[in-house]
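Written below as structure tokens is the structure these notes are about.
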Amino acid sequence: MKTQETSRILSTFSFSFKIFLVSPSYFQPRLLYCSFATPQIPQHYPFTSRHAQVQSFPLSPSNHYCYALLLESCISVKALGPGKQLHARLCQLGIAHNQDLATKLVNFYSVCNSIRNAHQLFDQIPKGNLFLWNVLIRAYAWNGPHEVAISLYHQMLEYGLKPDNFTLPFVLKACSALSTIGEGRIIHERVIRTGWERDVFVGAALVDMYAKCGCVVDARHVFDKFFERDAVLWNSMLAAYAQNGHPDESLSLCREMAATSVRPTEATLVTVISSSADIACLPHGREIHGFGWRHGFQSNDKLAAEGVCLMKGEHCIS
Numbered sequence: 001m002k003t004q005e006t007s008r009i010l011s012t013f014s015f016s017f018k019i020f021l022v023s024p025s026y027f028q029p030r031l032l033y034c035s036f037a038t039p040q041i042p043q044h045y046p047f048t049s050r051h052a053q054v055q056s057f058p059l060s061p062s063n064h065y066c067y068a069l070l071l072e073s074c075i076s077v078k079a080l081g082p083g084k085q086l087h088a089r090l091c092q093l094g095i096a097h098n099q100d101l102a103t104k105l106v107n108f109y110s111v112c113n114s115i116r117n118a119h120q121l122f123d124q125i126p127k128g129n130l131f132l133w134n135v136l137i138r139a140y141a142w143n144g145p146h147e148v149a150i151s152l153y154h155q156m157l158e159y160g161l162k163p164d165n166f167t168l169p170f171v172l173k174a175c176s177a178l179s180t181i182g183e184g185r186i187i188h189e190r191v192i193r194t195g196w197e198r199d200v201f202v203g204a205a206l207v208d209m210y211a212k213c214g215c216v217v218d219a220r221h222v223f224d225k226f227f228e229r230d231a232v233l234w235n236s237m238l239a240a241y242a243q244n245g246h247p248d249e250s251l252s253l254c255r256e257m258a259a260t261s262v263r264p265t266e267a268t269l270v271t272v273i274s275s276s277a278d279i280a281c282l283p284h285g286r287e288i289h290g291f292g293w294r295h296g297f298q299s300n301d302k303l304a305a306e307g308v309c310l311m312k313g314e315h316c317i318s
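Residue numbers for the sequence shown follow UniProt numbering, beginning at 1 and rising by one.
Printed below as a string of structure tokens:
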């Protein structure tokens, strides 16, 4: 059934592209977007035909919106080859430095882990767009060098742009990777000044940063300021205890989470089991096993095996 569905989607994808090539001016942009940006198209779909098609793409700057949709489709499936050819075509048309298209190109290269190309293009275009900065800061925060992410953050501030609830988690992630507690505290002060202290994603990033720097008390202080916590925030605090050798606190926090309406994730259970391995005993193992069972993880073989190991006093987290 899944094979038939994939085949149908790919057929629609190819058919839509051919129609667009024949008559781009009359093609419905929404249909093009649905055909190209659909997440169901597998990443291993052969792009050889699309390489040739991009080469013969109609040379018309008026197709600006459709080029943007094509870039979005390349981003969604990380199609580096076709995206590069599309970039070359935009350069031929003289519209590659259009703010919207250039921003999408930087995003495209960063998503495809071609960060060098992303940065080169970034240096050539106006930088008044916060999303543009976020894209490049994110790329370096996730892939390194992390120092560049922090440097870009400071450059962004010099441009007079204010970081948002996307910028801050990205740069805090870079601080976490480098264990730069001084820089992290300065960013925390900005978080408070700019009113992002109650954002759960920013909060989770702060908890993670303090945990990676060994400041568990500071991490808990951030965590305690949130009255509404999602699974990401709970997991961040549980991981903070696990990473810094506080199994009792981790188990206690797990009990607190169990008393809320927040549903744990697999990461929650793995973190608690890993943290509790040093105090492995039958009661703790049964408690965690019951916690997982109540939340629908009874069919997860990996967690079940780790729970058994915990009850036997063994540590078998893989």
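Using N, Cα and C, we set each Cβ at its ideal position, and we do this for glycine too.
Requested in this report: Can you say whether ASN235 is buried or exposed, counting buried as having 16 or more other CB atoms within 10 angstroms of its CB?
Outcome: buried
Query raised in the report: Between which two residues does the alpha helix (DSSP H) containing GLN155 stretch?
Result: 146–158
Query - CA-to-CA distance, MET209 to LEU172, given in whole angstroms - result: 6 Å
Report task. Note down the Cα distance separating GLN124 from TYR159, rounded to an integer number of angstroms. Result -> 15 Å
Query raised in the report: For the UniProt repeat "PPR" (230–264), which segments carrying the alpha helix (DSSP H) assignment without a break, of at least 4 residues, lie completely within its bounds, in sequence order?
Result: 231–243 and 247–258
Report task. Since I believe ALA240 is in contact with VAL207 (beta carbons under 8 Å), could you give me their beta-carbon distance rounded to a whole number of angstroms? Result -> 6 Å
Report task. Could you name the residues of the same chain whose beta carbon sits closer than 8 Å to that of SER114, not counting the 5 residues immediately before and after it, in chain order? Result -> LEU80
Query raised in the report: Do VAL106 and ALA118 have their C-beta atoms within less than 8 Å of each other?
Result: yes
Query raised in the report: Closest to ASN143 by CA distance: which of HIS246, ALA174 and ILE186 is it?
Result: ALA174
Query raised in the report: How should LYS104 be labelled, buried or exposed, when 16 other C-beta atoms within 10 angstroms of its C-beta is the threshold for buried?
Result: buried
Query - Cβ distance (whole Å) where TYR109 is taken to contact LEU86 below 8 Å - result: About 12 Å; that fails the 8 Å criterion.
Query raised in the report: If we count the other Cβ atoms within 10 Å of its Cβ and call it buried at 16 or more, is CYS91 buried or exposed?
Result: exposed
Report task. Go to TRP142, then tell me how far its alpha helix (DSSP H) extends in each direction, as first and last residue. Result -> 130–143
Requested in this report: Let me know if LYS225 comes out buried or exposed under the rule of 16 or more other beta-carbons within 10 Å of its beta-carbon.
Outcome: exposed
Query raised in the report: How is ARG89 classed by DSSP in three states: helix, strand or coil?
Result: helix
**Report entry** Contacting residues, own chain, Cβ-Cβ under 8 Å from CYS215 (five flanking each side not counted)
**Finding:** ILE181
Requested in this report: Check each candidate in PHE201, SER250, MET237 and MET156 and name the one with the smallest Cα separation from HIS221.
Outcome: MET237
**Report entry** Nearest residue (CA-CA) to LYS212, options GLY245, LEU132 and ARG198
**Finding:** GLY245
Query raised in the report: Counting along the chain, where does the alpha helix (DSSP H) carrying HIS119 start and finish?
Result: 115–122
Query raised in the report: According to DSSP, is CYS112 helix, strand or coil?
Result: coil
Requested in this report: Indicate the three-state DSSP secondary structure (helix, strand or coil) for SER73 in the structure shown.
Outcome: helix
Query raised in the report: Is the CB-CB distance between PHE122 and LEU130 below 8 Å?
Result: no
Query raised in the report: Of the choices LEU251, VAL202 and ASP218, whose alpha-carbon is the least far from that of ARG229?
Result: VAL202
Query raised in the report: Can you tell me whether HIS188 is buried or exposed, with buried defined as 16 or more other CB within 10 angstroms of its CB?
Result: buried
Query raised in the report: Would you report the Cα separation of GLN155 and GLY184, rounded to the nearest angstrom?
Result: 17 Å
**Report entry** Element boundaries [alpha helix (DSSP H), containing ASP218]
**Finding:** 216–224
**Report entry** Three-state class that DSSP yields for ARG198 in the structure shown
**Finding:** coil
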